Amino acid sequence: MPELPEVEVTRRGIAAALVGAQLRTVVLGKPLRWPLGCDPAQLAGRMVTGVGRRGKYLLFHLDQGCLIVHLGMSGSLRWLVQPTEPGPHDHFDCRTDRGILRLHDPRRFGAVVYVASLHDPVACKLLGGLGVEPLSDDFRVEGWLLALRQSRQAIKPLLLSGRVVVGVGNIYACEALFRAGIRPSTLASRIGPVRARRLHAAIREVLAQAVELGGSTLRDFSSVQGHAGAFQLHAQVYGREGLPCRVCGTPVRMERQGQRSSFFCPRCQRP
DNA sequence: ACGTCTACCTGTCGGC
DNA sequence: TGCCGACAGGTAGACG
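For reference, each letter of the first sequence is one residue, going 1350 to 1620 in the numbering used here.
#1: Do ARG1360 and LEU1476 have their C-beta atoms closer together than 8 Å?
#2: Suppose you measure from the CA of LEU1643 to the CA of ALA1364; what does that come to, to the nearest Å?
#3: Go ahead and label GLY1478 buried or exposed: buried means 16 or more other beta carbons lie within 10 angstroms of its beta carbon, across all protein chains shown.
#4: Under the DSSP definition of a beta bridge, which residues are partnered with HIS1549?
#5: Going along the chain, which residues of its own chain have a beta-carbon closer than 8 Å to the beta-carbon of GLY1436, five neighbours each way excluded?
#6: Taking the alpha carbon of ILE1417 as the reference point, which residue from VAL1462, ARG1456, ASP1442, GLY1386 has its own alpha carbon closest?
#7: State the CB to CB distance for the pair PHE1612 and ARG1589, rounded to an integer number of angstroms; the pair is presumed to be in contact (CB under 8 Å).
#8: What would DSSP say about GLU1352, mapped onto helix, strand or coil?
#9: Please name the residue, chosen from LEU1381, SER1466, GLU1604, that lies closest to TYR1587 on a Cα-to-Cα basis.
#10: Exposed or buried, which one is GLN1391 when buried takes at least 16 other CB atoms within 10 Å?
#11: Short of 8 Å in beta carbon distance, which residues of its chain neighbour GLY1448, apart from the five on each side in sequence? Order them along the chain.
#12: Could you tell me whether the region 1529–1546 touches the region 1494–1510, using the rule of 3 or more Cβ pairs below 8 Å?
#13: Could you tell me which uninterrupted beta strand (DSSP E) segments, each at least 3 residues in length, are contained entirely in the region 1578–1610, listed from first to last along the chain?
#14: To the nearest angstrom, how far is it from the Cα of VAL1375 to the Cα of ARG1451?
#15: Measuring alpha carbon to alpha carbon, tell me which of ARG1395, GLY1492, GLN1581 ends up nearest LEU1567.
#16: On a Cα-Cα basis, can you pick out the residue from GLY1575, GLU1482, VAL1543, ILE1531 that is closest to ARG1619?
#17: Please name the residue or residues paired with CYS1443 in a DSSP beta bridge.
#18: Could you say which of ARG1457, LYS1405, GLY1607 lies nearest to TRP1383 if we only look at CA atoms?
#19: Taking the alpha-carbon positions, what's the LEU1592 to GLY1492 distance?
#20: Measure the C-alpha to C-alpha separation of VAL1368 and ASP1442 and round it to an integer number of angstroms.
#21: Which residues bound the alpha helix (DSSP H) around ARG1532?
#22: Which of helix, strand or coil does DSSP assign to PHE1527?
#23: Check this for me: beta carbons of LEU1372 and ALA1393, under 8 Å apart or not?
#24: Quick check on the burial criterion: 16 or more other C-beta atoms within 10 angstroms. Buried or exposed for HIS1468?
#25: With burial defined as no fewer than 16 other Cβ atoms inside 10 Å of the residue's Cβ, what is the status of LYS1379: buried or exposed?
#26: When you compare the CB positions of VAL1517 and GLU1352, do they come within less than 8 Å of one another, or not?
#27: Assign SER1466 to buried or exposed, taking buried as 16 or more other Cβ atoms, counted over all protein chains shown, within 10 Å of its Cβ.
#28: Opposite TRP1428 in the DSSP bridges: which residues?
#29: Within 10 angstroms of its Cβ, does PRO1432 collect 16 or more other Cβ (buried), or is it exposed?
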């Protein structure tokens, strides 16, 4: 579920409350995608020193070590001031001296992993192969053009892979390709410099707009404060198969690439 | 190095 | 109403 915008909205929603908080007890629910990697009791007394993000991973920096959190497809974090009993889909409770950080994740594709440092092999495995942050100055157009030229993949799976640029999932890949006028099945190396530049700009614009709108809420994402996102109301193609393109009126098409649905306008987006 | 498939798990929705 | 399959925002690993 959550792509970069939803993760960033979550980060912004939690950071102020959590930085400076001291962990008291950590309670685990059903198993998540990966094991925590330490005895939960070991975390008692640690202080949260910062809340960062790398791609779709949240990084809870502690005065000793780091908790790496991924929301998977259906995860969301909540900040509770008043304690309540964890529900059947709450699988990680981090009780602090200020409130409770709770991970709700019905499908359990998410994960919370403790690492002693970001140089830890486990951290390197999770974060080491990631591409550049699209909203940072490191996302330069020259490197982007080179990466597209050197790739032999179709552009959509290349975006989803996170090897060149991180944080772009199925919704925002479809939307960025629409804005750039590129069909999802187009080979990356066959995209000329004009459209490649447009795609570079579109990725940044669509992600930044989505962050401003609080992310996308398709079924169950909500911010830490429980607010739904609004980006889905602005989607041009995602989830709109058969509906008229908002630009030209041609029916939006859906095709499968791998196991993922791609939505596009056959007239506005050329191969 | 690429695509394709499978798996992980639960909930929801459409069709019959 | 109820059952059954398809599908969902992600990622990793196996295989050809």
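The beta-carbon is built from N, C-alpha and C at its ideal position, and this holds for glycine as well.
If you're wondering where the values come from, they're calculated on a predicted model, not measured in any experiment.
According to the structure data:
#1: no
#2: Summary: the structure shown does not reach residue 1643, with the chain confined to residues 1350 through 1620, and so no result is reported for it.
#3: exposed
#4: None, per the DSSP bridge assignment.
#5: HIS1453
#6: VAL1462
#7: 6 Å
#8: coil
#9: GLU1604
#10: exposed
#11: ALA1366, ALA1370, TRP1428, LEU1429, VAL1430
#12: yes
#13: 1602–1606
#14: 10 Å
#15: GLN1581
#16: ILE1531
#17: VAL1375, LEU1450
#18: ARG1457
#19: 36 Å
#20: 17 Å
#21: No alpha helix (DSSP H) holds ARG1532; DSSP gives it neither H nor E.
#22: helix
#23: yes
#24: exposed
#25: exposed
#26: yes
#27: exposed
#28: LEU1450
#29: exposed
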